[in-house]
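Residue numbers (our numbering): 2 to 258.
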């Protein structure tokens, strides 16, 4: 737009120069009737020249700025295209590897499964019935509020459903999707983000946990159900399940009801 406006102004200058003839100091001298007239005409000629020069400078400046902006935009576009291509390549690679990884996880021994859980905070296979308590265990520190217990019951009812990144129920969940879904059932709104949830609620110490409290690790959130256990949506390829809270390093906990 700047270039177009400056170009229009420059065109007007060129048109006037073409239709009005070539005004020079020599022609002004020859056509002046007196020294005073000459001074007036030279002053006018100087003003016209300054005006014309300003129009040219404005156009050149706008054109230079537009060229620099276009170069920057072209570079940004090329970088975005390269990033998009790189992500598409990685996505294809991950999708190719995923079935193999699922098969490897399913073939782990119990000891290997425990080692994976300790590293990732999730189980690679669906939990067995023995691993799932029938009801939330009440911690020694207290039973939690009625709303918190109801949120626990809702979360526990999702056990066995698959982990899907970005899912918030009712058929699949990611970690923050599960806690958001459980608390939504008791009228408490949480963001679909473990980081976002970690900045909410009332902070509580690990020694004072009650069922319904949320525990936070790096990039992960789980719900405490009592007895040193949590329920959570662990990792891709796994289902919503319970696990001992000692399997992960939690940096904080919060109470929402």
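Note that beta-carbon positions come from the ideal geometry of N, C-alpha and C, so glycine has one too.
Range of the contiguous beta strand (DSSP E) that encloses residue i
i: residue 225; result: 221-227
i: residue 253; result: 253-256
Bridge partners - residue i, DSSP secondary structure assignment
i: residue 244; result: 231
Coil, strand or helix - residue i by DSSP
i: residue 218; result: strand
i: residue 111; result: helix
i: residue 100; result: helix
i: residue 7; result: helix
i: residue 249; result: coil
i: residue 2; result: coil
i: residue 12; result: helix
i: residue 236; result: coil
| task | State whether the segment 153-163 contacts the segment 229-245, with contact taken as three or more CB pairs (one from each stretch) at a distance under 8 Å. | result | yes
| field | Ranges of the beta strand (DSSP E) found wholly within the segment 52-85, counting only runs of at least 3 | value | none
| message | Report the start-end ranges of each alpha helix (DSSP H) in the segment 131-215 that is 4 residues or longer and not cut off at the edges. | response | 147-157, 176-185, 195-199
| message | Under 8 Å, with one C-beta from each stretch per pair, do the segment 106-114 and the segment 173-189 reach the 3-pair mark? | response | no
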